[in-house]
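Here the sequence shown stands for residues 0 to 491, numbered as in numbering that gives the first Met the number 0. We put the beta carbon where it would ideally sit given N, CA and C, even for glycine. From a predicted model like this one, the values you see are computed outputs, not experimental measurements.
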Amino acid sequence: MSYVERAFYQYVKNIFTSGFRVLFSKKYLFYTIAFCLISVTSTVFYLIGSNIESISADLLKDIGSILIGVELAFAVTYVFFGLFFSRYPAKYWGVPAFLTAAGVSVLVYFVPAISPYIAAIGYLGWILVSIFLTFSLSRNFWGNRIFGSVMFLGKKADEGSVLFSSIVFILSLVNLGMTGYLIYNVIINFNLFLLITSVFSLLAIIIVNIIVFKLGKKDDVFYTILAFFYVIASFTLWKLTFYTSAGSLPSDNIGSVLVALFFIFYTVSNYAKKIKKIEKETLQAESEEIPKSKEKRVIEVGDIEIERIDEEEEEKWALLNIPRSIGPLGILMTVMGLILSYHVTYLQFLTGDDIFSEFFLSKNDLVGIKDKFSVILLTCLLIFFLLNYLWSEDFRRYGSPTLYRFEFLPPYDELVERIERVRKGEDSWKQYANMLIKEGVKAGAKSTAKKVFVDPSKKVAGAIGGAYTKSKEGVTKGFNKVFKRKDKKKKR
Numbered sequence: 000m001s002y003v004e005r006a007f008y009q010y011v012k013n014i015f016t017s018g019f020r021v022l023f024s025k026k027y028l029f030y031t032i033a034f035c036l037i038s039v040t041s042t043v044f045y046l047i048g049s050n051i052e053s054i055s056a057d058l059l060k061d062i063g064s065i066l067i068g069v070e071l072a073f074a075v076t077y078v079f080f081g082l083f084f085s086r087y088p089a090k091y092w093g094v095p096a097f098l099t100a101a102g103v104s105v106l107v108y109f110v111p112a113i114s115p116y117i118a119a120i121g122y123l124g125w126i127l128v129s130i131f132l133t134f135s136l137s138r139n140f141w142g143n144r145i146f147g148s149v150m151f152l153g154k155k156a157d158e159g160s161v162l163f164s165s166i167v168f169i170l171s172l173v174n175l176g177m178t179g180y181l182i183y184n185v186i187i188n189f190n191l192f193l194l195i196t197s198v199f200s201l202l203a204i205i206i207v208n209i210i211v212f213k214l215g216k217k218d219d220v221f222y223t224i225l226a227f228f229y230v231i232a233s234f235t236l237w238k239l240t241f242y243t244s245a246g247s248l249p250s251d252n253i254g255s256v257l258v259a260l261f262f263i264f265y266t267v268s269n270y271a272k273k274i275k276k277i278e279k280e281t282l283q284a285e286s287e288e289i290p291k292s293k294e295k296r297v298i299e300v301g302d303i304e305i306e307r308i309d310e311e312e313e314e315k316w317a318l319l320n321i322p323r324s325i326g327p328l329g330i331l332m333t334v335m336g337l338i339l340s341y342h343v344t345y346l347q348f349l350t351g352d353d354i355f356s357e358f359f360l361s362k363n364d365l366v367g368i369k370d371k372f373s374v375i376l377l378t379c380l381l382i383f384f385l386l387n388y389l390w391s392e393d394f395r396r397y398g399s400p401t402l403y404r405f406e407f408l409p410p411y412d413e414l415v416e417r418i419e420r421v422r423k424g425e426d427s428w429k430q431y432a433n434m435l436i437k438e439g440v441k442a443g444a445k446s447t448a449k450k451v452f453v454d455p456s457k458k459v460a461g462a463i464g465g466a467y468t469k470s471k472e473g474v475t476k477g478f479n480k481v482f483k484r485k486d487k488k489k490k491r
């Protein structure tokens, strides 16, 4: 596989492997098992009781209804205790959480009228959280120090184009056609909410094309992240257009549930390294004293000293204080609780029963509101992120993380030309490889020796930074030395 393919597959693989490892670790195992048991058993009994006619069907139906109430009760408990108490030791709030789940279950059973309110709030709440997670997904892929660097490999920072801009542009044209259809539908059958949604969708398309053709030149990392955030999140517009054109009622499908489950793995995978680091620091603190003040690490690049920015220092945006204050367990419990509510709502589309039958909104109306709300929220978040990028230095650091581009690599067209000459036998690849290694190592070793031995007061990190710069210059000179000579010989 190519570097790009490996980077993509490795990123997705890491989400599932690290997420699975955290979910089934000792600290989170109970919450994961409880989530799985509740959602699976409620699904089985609810579907069997609602779709099979037999002597025991009524009993199964009653059990399914009870389990739906239990699932909603656990949804409330997960969200409430995840937001406010999860940072404290579980021994202080574990029993109150269990009693809360039991109490809400009894309340929902005897007062079923509150069920649709809980399900609707959790359903819409999950949509709000999931779209923020979609931005995080795009940011953590394109801005990942390893995978993002592979994607931007050899691309100069001042080149200024959004990655895969043509794909983003084509998809924006497709979305423009769908938005045009929605506006046409509004003209025929006036719907104020659909009209507002169409206007916001059109505004999002305009913003994305400004990003592709104008703003991307200022910061290709951030605007690539923002462009692909739009691409991923705008698929709700496709769904909205589909059931509007078909004249069918809005509904949900299994794909939405699978996406929700994927976000559980993604959420906890983000904390896998941090959890491991916290545990390591705790063990270290028990064995030795850890200094409270952290020395700033400085890297010398040429004659300039640059303070190294760690990933933790990049993530100082004010909005990130919310998940940071809740903690990994709180985030996991909140996401699981919202997904439980979402799951209960989804089950209503698989059965003849409907907890929303006496609610002021039907289940189809709720989905319609959710889809339109998602399109409007997407546009609002695009504007919100753009304004934060202009006004907040902390967000700029978070939204445009540092990558290793290796800009000294030759341009793509030149690289293709050289590979073609090697393929035809006109040049030897060994000659290019030897020259690159020779020039790079020579310049790097010379810089390192000078900084470490000639001036021992310099830090080793500075020496390495200088060596990297000199190696880069050496490799570039190596390319020029070999390539230019070949070109001159050819001209003669």
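With three or more CB-CB distances shorter than 8 Å, the stretch 197-215 counts as touching the stretch 166-175.
In summary, D157 is exposed, with fewer than 16 beta-carbon neighbours lying within 10 Å of its beta-carbon over all protein chains present.
Distance from the Cα of L106 is smallest, within the candidate group A203, I65, R86 and N190, for I65. Pairing V220 with G147 gives a Cβ-Cβ distance under 9 Å. Contact between A74 and I117 holds, with the beta-carbon distance rounding to 7 Å and staying under 8 Å.
Per DSSP, the continuous alpha helix (DSSP H) segment holding V11 begins and ends at Y2 to L22. For the 9 Å CB-CB criterion, F84 and Y91 form a contact.
Taking a 10 Å sphere around the C-beta of A112, we find fewer than 16 other C-beta atoms and assign the residue as exposed. By the C-beta density criterion, Y10 is buried, having at least 16 other C-beta atoms within 10 angstroms.
A96 and L331 have their C-alpha atoms some 15 Å from each other. Annotation for D218: no alpha helix (DSSP H) segment contains it, and DSSP assigns it neither H nor E.
A direct Cα-Cα distance of roughly 28 Å separates T344 from G326. Note on geometry: alpha-carbon atoms of L386 and V78 lie some 30 Å from one another. Excluding its 5 nearest sequence neighbours in each direction, I182 has C-beta neighbours in its own chain below 6 Å: S197, listed in chain order.
With respect to the 9 Å criterion, Y122 and L328 are not classified as neighbours on the basis of their beta carbons. Just so you know, the alpha carbons of A226 and V161 end up roughly 8 Å apart. Classified as exposed, N252 has fewer than 16 neighbouring CB atoms from the shown chains inside 10 Å of its CB.
V105 sits in a helix when the DSSP states are folded into three classes. In the structure shown, I368 falls within a helical segment according to DSSP collapsed to helix, strand and coil. The DSSP-derived three-state label of S233 is coil. A contact is defined here as three or more CB-CB pairs under 8 Å, and the stretch 352-370 meets this definition with respect to the stretch 235-250.
For the 9 Å CB-CB criterion, L380 and F228 form a contact. Between the beta-carbon of F199 and that of I375 there is about 5 Å, and that keeps the pair under the 8 Å contact cut. In the three-state reduction of the DSSP assignment, G246 falls in the coil class. Take Y341, set aside five residues on each side of it, and the residues of its chain with a beta-carbon closer than 7 Å to its own are G121, Y122, W125 and A259, in chain order. Between S114 and L71 a beta carbon distance of about 6 Å is seen, short of the 8 Å cut, so the two are scored as contacting.
Inter-residue distance for R138 and A33 is about 31 Å (C-alpha atoms, whole angstroms). When only Cα atoms are considered, V43 and G63 end up about 8 Å apart. Here the C-alpha atom of R395 lies approximately 40 Å from the C-alpha atom of S244.
Unbroken alpha helix (DSSP H) runs of no fewer than 4 residues, entirely contained in the stretch 151-196, are found at 164-187, following chain order. Judged by DSSP in its simplified three-state form, P88 adopts coil rather than helix or strand.
With distances taken between CA atoms, K238 lies nearest to M177 out of R420, K216, N190 and M177.
In the structure shown, S361 falls within a coil segment according to DSSP collapsed to helix, strand and coil.
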